[in-house]
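Every position in the sequence shown, counted from 1, becomes a number in our numbering once 174 is added. The next block holds one structure in the form of structure tokens; read it before the comments.
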Amino acid sequence: MTALPSSLRDALVLRGYVTGRSRVVTASRAPDGATKLLLELMDGQRIECVSIPSRGKHLTACVSCQVGCAMACVFCATGRAGLARSLLPFEILDQVLHVRWLEEEKKGTRQAKRRSAGQKPPSTTLPKGKITHLVFMGQGEPAAALPSVLPALRRICGPWGLSMRGVTLSTVGVRGTLARLARENLALTLAVSLHAPSQALRAALVPSARAYPLGELLEDCAAYFLQTGRRISFEYVLLGGRNDQEAHAEQLVALLGRYRDRMRVHVNLIPWNAVEGAAFESSSEQAVQAFVAVLENARIPVTVRRSKGRGAQAACGQLKNAGKALVKDLLEG
175 MTALPSSLRD
185 ALVLRGYVTG
195 RSRVVTASRA
205 PDGATKLLLE
215 LMDGQRIECV
225 SIPSRGKHLT
235 ACVSCQVGCA
245 MACVFCATGR
255 AGLARSLLPF
265 EILDQVLHVR
275 WLEEEKKGTR
285 QAKRRSAGQK
295 PPSTTLPKGK
305 ITHLVFMGQG
315 EPAAALPSVL
325 PALRRICGPW
335 GLSMRGVTLS
345 TVGVRGTLAR
355 LARENLALTL
365 AVSLHAPSQA
375 LRAALVPSAR
385 AYPLGELLED
395 CAAYFLQTGR
405 RISFEYVLLG
415 GRNDQEAHAE
425 QLVALLGRYR
435 DRMRVHVNLI
445 PWNAVEGAAF
455 ESSSEQAVQA
465 FVAVLENARI
475 PVTVRRSKGR
485 GAQAACGQLK
495 NAGKALVKDL
505 LEG
């Protein structure tokens, strides 16, 4: 591509064509096996994506859709950095390729070591770095970047073979975008970042909620379910003493109870992952279990999501483009 005039390369980039590759600046692996890649884009901007293997059978790619984020959630490292720009479709695709190539290299090296030791590779090993799940839970607000996210999804879930049912798109909510997603009729999982059971508390934690009130968001969620029939996952980051008390859980039960006959829901509780400079604490295990008990007693499906990648600052809410030295040779067994 370097033989093309720079003006033509620029025009191709704007149309979403690949004219170059992002560069891996650092790669950090957490003890749980998750690997965070810091990538430098063609214009010098940096983003992060995460490879999350699970029990040798599943491989999840957590990708970014923007450089930074404009939603400014007070407990999230990405939101504290502000927004530079949305990614182009190929910059989203490139993250998926990096995750796949990383896992192929790791798998190939491990198998080579087993062969040299006279061992057979386990049958459960994921073949050829194939990605089984894709989550838009990295940097940025996917609903604000749909012009890039949707073309990237069609490419990844078409010729690349990933099932749309293996895709999760996370959003705090941007007015008008749930209706657009419903019209697309994609069989993905919609994850709505709720984080609070009341408008006042949500607006304090998620500033963008001031322009898109909680009641309006939930009405749009109900309309999305009516059109798609797809269960909605509500994400709820637990902040010690701020939104994790039993009274908050009871408020959440009352809030979702109003929509019990209008949509199927599932609540994902996420103990807060520490972010430098953020004045919050993670919930105690006792508070987490008490919160769960209130929801279970109300027969609301609930899961506590234990984020992978904490050891490499790669867990939920921790991505912030911070390059760190390689903490472990990624090709070690």
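Virtual Cβ for every residue (Gly too), placed ideally from N, Cα, C.
Query raised in the report: Are any of the Cβ atoms in chain B nearer than 8 Å to that of G415?
Result: Note that chain B does not occur in the displayed structure, where there is just one protein chain.
**Report entry** Counterpart residues of A452 in DSSP-defined beta bridges
**Finding:** Looking at the DSSP assignment, A452 forms no beta bridge with any residue, so it has no partner.
Report task. Express the C-alpha separation of I444 and R479 in angstroms, rounding to a whole number. Result -> 5 Å
Query raised in the report: Quick one, which of E358, V341, R349, M245 has its alpha-carbon nearest Y386's?
Result: R349
Query raised in the report: Distance, Cα to Cα, L392 vs R354?
Result: 15 Å
**Report entry** For A317 and L213, the rounded distance between their alpha carbons
**Finding:** 22 Å
Report task. Just grab the DSSP bridge partners of E265 for me. Result -> DSSP output for E265 lists no bridge partner at all.
Query - Neighbourhood of A428 by C-beta, 8 Å cutoff - its chain only, sequence neighbours within 5 removed - result: P371
Query raised in the report: Just how far apart, CA to CA, sit S297 and V270?
Result: With a pLDDT of only 42 at S297, under the threshold of 50, the placement of this residue in the model should not be trusted; the figure read from the coordinates follows. S297 and V270: Cα-Cα distance of roughly 24 Å.
Requested in this report: Rounded to whole angstroms, what's the CA-CA distance from G347 to Q219? Just pull it up for me.
Outcome: 25 Å
Query raised in the report: Any idea what DSSP makes of S202, helix, strand or coil?
Result: strand
Query raised in the report: How is F310 classed by DSSP in three states: helix, strand or coil?
Result: strand
Requested in this report: Inspect the beta-carbon positions of S407 and H369 and report whether they are closer than 8 Å.
Outcome: no
Query raised in the report: Excluding sequence positions up to five away, which residues of its chain have a Cβ less than 6 Å from the Cβ of L388?
Result: Q373, R376
Query raised in the report: Across which residues does DSSP place S260 in a beta bridge pair?
Result: Q240
Query raised in the report: Helix, strand or coil: how does DSSP classify L362 here?
Result: coil
Query - Cβ-based burial, K231 [other Cβ within 10 Å; buried from 16] - result: exposed
Query raised in the report: Which of the three DSSP states, helix, strand or coil, is assigned to A235?
Result: strand
Query - Unbroken beta strand (DSSP E) run spanning L469, endpoints - result: First-last for L469: 459-471, but that is the alpha helix (DSSP H), not the beta strand (DSSP E).
Query raised in the report: By a C-beta neighbour count over all protein chains shown, 10 Å radius and 16 as the cutoff for buried, is W275 buried or exposed?
Result: exposed
**Report entry** Euclidean distance between Cα positions of C243 and S382
**Finding:** 11 Å
Query - Bounding residues of the alpha helix (DSSP H) (the contiguous stretch that carries R220) - result: Not the alpha helix (DSSP H): R220 falls in the beta strand (DSSP E), residues 220-228.
Requested in this report: Have a look at T351 and C223 and give me their C-alpha separation to the nearest angstrom.
Outcome: 24 Å
Requested in this report: Along the alpha helix (DSSP H) that carries S322, what are the first and last residues, could you check?
Outcome: 320-330
Query raised in the report: Can you give the Cα-Cα distance for E455 and W446, rounded to whole angstroms?
Result: 7 Å
Query raised in the report: Can you name the start and end residues of the beta strand (DSSP E) that Y410 belongs to?
Result: 406-412
Query raised in the report: For the candidate residues M245, G415, A361, whose alpha-carbon lies nearest to that of R405?
Result: A361
Query raised in the report: With DSSP run on the structure shown, which of helix, strand or coil describes R432?
Result: coil
Requested in this report: Counting only the same chain and skipping the five closest in sequence on each side, list residues whose C-beta sits under 8 Å from that of E358.
Outcome: L324
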